[in-house]
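Novice:
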Amino acid sequence: MTEGDSATAGPARLNTSVAHNARVWNYWIGGKDNYEVDQRVGEQIAGMFPVIREVARADREFLARAVRFLAAEHGIRQFLDIGTGLPTVDNTHEIAQRIAPESRIVYVDNDPIVLVHARSLLTSSPQGVTDYLDADVRDPETIVLRAAETLDLTRPVALMMLGILNFVLDTGEARDIVRRLMAALPSGSWLVLTHPTHDEDVGGAGNAAAMKFWNAHATPPITARSRAEIAGFLDGLQPVEPGLVPCSQWRADPAVAAPVPQFGAVAVKP
51 MTEGDSATAG PARLNTSVAH NARVWNYWIG GKDNYEVDQR VGEQIAGMFP
101 VIREVARADR EFLARAVRFL AAEHGIRQFL DIGTGLPTVD NTHEIAQRIA
151 PESRIVYVDN DPIVLVHARS LLTSSPQGVT DYLDADVRDP ETIVLRAAET
201 LDLTRPVALM MLGILNFVLD TGEARDIVRR LMAALPSGSW LVLTHPTHDE
251 DVGGAGNAAA MKFWNAHATP PITARSRAEI AGFLDGLQPV EPGLVPCSQW
301 RADPAVAAPV PQFGAVAVKP
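Read in order, the letters of the sequence shown are residues 51 to 320 in this note's numbering.
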């Protein structure tokens, strides 16, 4: 499970009688934007797959490291964050604008609960800009067209896709989405990616049963993928060291960073 996108669209679809990914994820990281049904399902999943809370924390910490890496070390000033999830501390714009106040950030999600909270994502430094698009990851052309109203797509952009491609159940479709999005961005742009895995060597053996329970009792449906399948999303790009690794270990202190069953990578478009 991850904090990103959903299959619903528009405030009228908000349903508090069924556990929803964004709210359950919010519960796992200690947020308050969740309901009893989300807490109940979240506890059941955590009982089946105890590492899930560590995954949630590791994913947020990876986001912070990746944004700092791109903003501070590579001068990236534009971020397109798809599958935003519920606002929490240290969102993409806060991290980027702390380093470079002129940074421009566009958030994209189609989860009605995220839309409700979108105004908190629209705070910005006076020098920079933030925007929010209610759009679906399965419609890359619309995302690009609307993002171009805020971002200069002739200059490098960091495409943030943390915990979202796991909601696109068909691997071929998911790869095509990444390809179409990156094709619209210029050379020097970046892909920042996380994705859950069932690979046993990083602790993913319990993911299959947990996701089966999730898909029967919550929304939207989700899937895990192998390291090789996730690596396919990076085709045509150049990953920076250490490559595709558990997101907890990407440019983290190796003495304290235990692996989690969630891969992460940062890769540049040549």
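Every residue gets a Cβ at the ideal spot worked out from N, C-alpha and C, and that includes glycine.
Bear in mind the structure is a predicted one, so any value in this text is a computation, not a measurement.
For the pair the region 92-106 and the region 172-188, tell me if three or more CB-CB distances fall below 8 Å.
Specialist: no
Novice: When the Cα atoms are used, what is the spatial distance from D161 to A268?
Specialist: Reading the sequence shown from its first residue, position 111 is the one you call residue 161. Reading the sequence shown from its first residue, position 218 is the one you call residue 268. The straight-line gap from Cα to Cα measures roughly 14 Å.
Novice: Between the region 258-277 and the region 80-94, are three or more C-beta pairs nearer than 8 Å?
Specialist: yes
Novice: State the Cα-Cα distance for the pair F263 and F217, rounded to the nearest angstrom.
Specialist: Sequence index remark: in the sequence shown, residue 263 carries index 213 (1-based). Sequence index remark: in the sequence shown, residue 217 carries index 167 (1-based). In a straight line, the C-alpha of F263 is about 15 Å away from that of F217.
Novice: Rounded to the nearest angstrom, what separates R230 and Q299 at their Cα positions?
Specialist: Stepping through the sequence shown from its first residue, residue 230 is reached at position 180. Stepping through the sequence shown from its first residue, residue 299 is reached at position 249. Cα atoms of R230 and Q299: separation of roughly 29 Å, rounded to the nearest angstrom.
Novice: Looking only at DSSP bridge pairs, what is Q312 linked to?
Specialist: Your numbering for residue 312 matches position 262 in the sequence shown. In the DSSP output, where bridge partners are listed per residue, Q312 has P246.
Novice: Hey, is the region 225-242 in contact with the region 250-261, meaning 3+ C-beta pairs nearer than 8 Å?
Specialist: no
Novice: Indicate the three-state DSSP secondary structure (helix, strand or coil) for H70 in the structure shown.
Specialist: Looking up residue 70 in the sequence shown gives position 20. If DSSP states are grouped into helix, strand and coil, H70 belongs with the strands.
Novice: Only counting the same chain, and skipping five residues up and downstream in sequence, which positions put a Cβ closer than 8 Å to that of P61?
Specialist: Translated into the one-based positions of the sequence shown, residue 61 becomes position 11. At P61 the pLDDT is 39, less than 50, meaning the model places this residue with poor confidence; the figure from the coordinates comes in the next sentence. Leaving aside the five residues that flank P61 on each side, the residues in its chain whose CB is nearer than 8 Å to its CB run, in chain order, P162, L165 and V166.
Novice: Taking a contact to mean a Cβ-Cβ separation below 9 Å, would you say H245 touches L203 in this structure?
Specialist: Translated into positions along the sequence shown, residue 245 becomes position 195. Translated into positions along the sequence shown, residue 203 becomes position 153. Going by C-beta atoms, H245 is not nearer than 9 Å to L203.
Novice: Going by beta carbon distance, what residues of the same chain come within less than 8 Å of T138, once the five residues before and after it are set aside?
Specialist: The residue given as residue 138 occupies position 88 in the sequence shown. If we look at T138 and ignore the five residues flanking it on each side, its Cβ neighbours are N76, I79, G81 and R110.
Novice: Output the distance between the C-alpha atoms of I193 and L241, rounded to the nearest integer angstrom.
Specialist: As a first step, residue 193 must be located in the sequence shown, where it is residue number 143. As a first step, residue 241 must be located in the sequence shown, where it is residue number 191. Rounded to the nearest angstrom, the two C-alpha atoms are 15 Å apart.
Novice: Please return the same chain residues whose Cβ sits closer than 6 Å to the Cβ of A114, not counting the five positions on each side in sequence.
Specialist: Residue 114 sits at position 64 when you count from the first residue of the sequence shown. Same-chain partners within the cutoff: D140 and I145.
Novice: Quick test of your reading: V316 and F119, contact by CB under 8 Å. State the CB separation rounded to the nearest angstrom.
Specialist: Stepping through the sequence shown from its first residue, residue 316 is reached at position 266. Stepping through the sequence shown from its first residue, residue 119 is reached at position 69. Their Cβ separation, rounded to whole angstroms, is 7 Å, which keeps V316 and F119 in contact under 8 Å.
Novice: Could you round the C-beta distance between M210 and I132 to whole angstroms and report it? I think they count as a contact, below 8 Å.
Specialist: Walking along the sequence shown from the start, residue 210 turns up at place 160. Walking along the sequence shown from the start, residue 132 turns up at place 82. With 8 Å as the limit, M210 and I132 qualify as a contact, their Cβ atoms being about 7 Å apart.
Novice: Would you kindly report the start and end of the unbroken beta strand (DSSP E) that includes F263?
Specialist: Position 213 of the sequence shown, counted from the first residue, corresponds to residue 263. No beta strand (DSSP E) contains F263, which is instead part of the alpha helix (DSSP H) from N257 to H267.
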